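Accompanying notes for the structure given below.
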């Protein structure tokens, strides 16, 4: 904010207006009122060129500012003008320095106007700041709002940014560049959801809904990076080599893999030039619940939207998440995956007659893998559609009591997101295999793992046809509008839950737009319909307490057992 100028009595000018300011080309003087109307105990509000301005006087000096508090619009003329030119808004006790407009307590800065007195009249310079200055100011204020996770201020500053002529893409690119080193585990749902929120924003026309989408994108990034320390990536560079990159990822060697990425970008390569290696790395293991592939799809979308300026930050953040990803195919439950992939590649599978979701619904991990391998000679999309329909059926048949339980073991901490991930992973798989058909084998088998891992949590009393009919979408056009509205106005506190609602709905919407058989379409829409009706249990205080007691009790029992000299070594 430019400094306010102390009111000064100027010499007469021939045109009856005050002498021109130091920068006459930008000044825009307007008469506000007679000086005699102002009293230290009685400020005045005036409307000038569509602006509401509050005027204060002290010791002959005039101060002017927007009459509406930048927080929630309370009239500042009703506030208190105290010592040291401090104006207090009584609504929420925000305090402003009327000399500079700076906020002393609160958040948003206050717009002030230079004032002059000429022949007993108070004149104000109403010129607006240049657009570039207003944009930079809004971006700086957005940084402050995100650092404090002030979601309402994020929305206000984005609205101000738009009025200055810049879209939310400017703020999103800036946020990514400044926060990617504050993600200790690498890329999270926040960046992925940012892409999904911006895509949803593209589909709505209501200004408030569009602003809400942009605000949610930035707010989730703020949440995931709040008070996180900087964990920088290596600045080293190495000549790009696909095999070396794969080896570095397999060895979980972040510095080496990051140096190869840095080298590729420094040599003028872009995401499209190295995406084949990234896709292979994402599906090299059944890892981290499919996040590596899901994030890669959203990363690509963000680069397409925001440009090369976000390539390196996003790629490095994604790489770190890949390096640290859990290798779930090494867990006992999922070890059959390796043999299934080897069998698929050996060409020794039997040729089942048809791909059918009935072959997968309710199957165990081993059964789902076997059924998938048996279809290896079918068109990959046909197998994919059967797995996706089975995944949608599973979401529809999920026994919600598992999500609400407080007496289960750690291994059975299962909720709605476990089921929705199959759909988001499946959609990311299809998009990646459009570019890399060679990835269908491991991708389909990993999708089968999602189907198999969720089977034991189904409601045994429900059937696919009954729940599809129960949650059927009759009017798809109307449902698209209502789904978008429900996601935007989600009312959920923890951002990971609306992000999953959004990403699941987005995956289903985009799948349908890509083209799916009618039975898959019906199951997918019904699944989202049910998911949108869920009221998530966001915290499990009692479950966590019981599991902690059992876990610590087991630790104590094992410690006591091993301290006994007669106890056998296991």
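Numbering (the numbering used here), first residue to last: 787 to 1356. Glycine included, C-beta positions come from ideal geometry on N, C-alpha and C. Quick caveat, the model's predicted, so the values are computed rather than measured.
Requested in this report: Please report the residue range of the beta strand (DSSP E) in which residue 816 lies.
Outcome: 815-820
Query raised in the report: Are residue 1288 and residue 979 closer than 8 Å when you measure CB to CB?
Result: yes
Query raised in the report: What do you reckon, are the CB atoms on residue 1034 and residue 1043 nearer than 8 Å?
Result: yes
Query raised in the report: Going by Cα to Cα distance, which pick from 843, 951, 1109 is closest to residue 908?
Result: Minimum Cα-Cα distance from residue 908 among the listed residues 843, 951, 1109 corresponds to 843.
Query raised in the report: Secondary structure at residue 1006, three-state DSSP: helix, strand or coil?
Result: helix
Query raised in the report: Is it right to say residue 1284 is buried, meaning 16 or more other beta carbons lie within 10 angstroms of its own, or is it exposed?
Result: buried
Report task. Using three-state DSSP, classify residue 889 as helix, strand or coil. Result -> strand
Query - Assigned exposure category for residue 938 - 16 Cβ within 10 Å defines buried - result: exposed
**Report entry** Residue from 1247, 1219, 1182, 1204 with nearest C-alpha to residue 1236
**Finding:** 1204
Requested in this report: Return helix, strand or coil for residue 826, following the three-state DSSP convention.
Outcome: coil
Query raised in the report: For the candidate residues 1026, 1070, 1006, whose alpha-carbon lies nearest to that of residue 1056?
Result: 1026
Query raised in the report: Which residue's Cα is closest to the Cα of residue 1229: 914, 1169, 871?
Result: 1169
Query raised in the report: Under the three-state reduction of DSSP, which class applies to residue 1142: helix, strand or coil?
Result: coil
Query raised in the report: What number of angstroms, rounded off, separates the C-alpha of residue 1328 from the C-alpha of residue 1195?
Result: 12 Å
Query raised in the report: residue 1081: which of 815, 1254, 1207 sits nearest, CA to CA?
Result: 1207
**Report entry** Of the listed residues 1021, 1315, 813, nearest to residue 916 (C-alpha basis)
**Finding:** 813
Query raised in the report: How many angstroms separate the CA atom of residue 874 from the CA atom of residue 927?
Result: 20 Å
**Report entry** Candidates 829, 1076, 1322, 1109: closest to residue 863 by CA position
**Finding:** 829
Requested in this report: Mind checking which residues open and close the alpha helix (DSSP H) that includes residue 1324?
Outcome: Counting along the chain, residue 1324 falls outside any alpha helix (DSSP H), and DSSP gives it neither H nor E.
Query - residue 1231 to residue 972 span [Cα, whole Å] - result: 26 Å
Report task. To the nearest angstrom, report how far apart residue 1298 and residue 1258 are at their CA atoms. Result -> Just so you know, the alpha carbons of residue 1298 and residue 1258 end up roughly 15 Å apart.
Query raised in the report: Mapping DSSP to helix, strand and coil, what is residue 1149?
Result: coil
Requested in this report: Go through its chain and collect everything with a Cβ distance to residue 1127's Cβ below 8 Å, but skip five positions before and after it.
Outcome: 1227, 1228, 1231
Query raised in the report: On the three-pair Cβ rule with 8 Å, is the region 1312-1321 touching the region 1181-1192?
Result: yes
**Report entry** Sequence-distant residues of its chain with Cβ nearer than 6 Å to residue 999 (five each side left out)
**Finding:** Shown here for residue 999: same chain residues with a beta carbon closer than 6 Å to its own, the five before and five after excluded, namely 983, 986, 987 in chain order.
Query raised in the report: Could you give the residue range of the alpha helix (DSSP H) that holds residue 1249?
Result: From DSSP, residue 1249 is part of no alpha helix (DSSP H); its letter is neither H nor E.
Query raised in the report: Among 1250, 1330, 924, 1067, which has the Cα closest to the Cα of residue 1106?
Result: 1067
Report task. Determine the closest residue to residue 1233 out of 1210, 1104, 1222, 1243, with distance taken between C-alpha atoms. Result -> The shortest C-alpha separation from residue 1233 is found at 1210.
Query raised in the report: For residue 1119, which of helix, strand or coil comes out of DSSP?
Result: In the structure shown, residue 1119 sits in a helix (DSSP, three-state: H, G or I).
Query raised in the report: For residue 1239, is the classification buried or exposed, using 16 other Cβ atoms within 10 angstroms of its Cβ as the cut-off for buried?
Result: buried
Query raised in the report: Out of 956, 990, 933, which has the shortest C-alpha to C-alpha gap to residue 965?
Result: 933
Query raised in the report: CA-CA distance, residue 1006 and residue 1330?
Result: Computed Cα separation, rounded: 25 Å.
**Report entry** Where residue 807 sits in the DSSP three-state scheme
**Finding:** Unreliable positioning characterises residue 807 in this predicted model, as indicated by a pLDDT of 40, which lies under 50. The coordinate reading is nonetheless provided below. If DSSP states are grouped into helix, strand and coil, residue 807 belongs with coil.
Query raised in the report: DSSP state of residue 1016, grouped into three classes?
Result: Residue 1016 sits in coil when the DSSP states are folded into three classes, being neither helix nor strand.
Report task. Could you tell me which residues DSSP puts in a beta bridge with residue 909? Result -> 817, 902
Requested in this report: Determine the contact status of residue 993 and residue 1020, defining contact as a CB-CB distance below 8 Å.
Outcome: In this structure, residue 1020 does not lie closer than 8 Å to residue 993 by Cβ.
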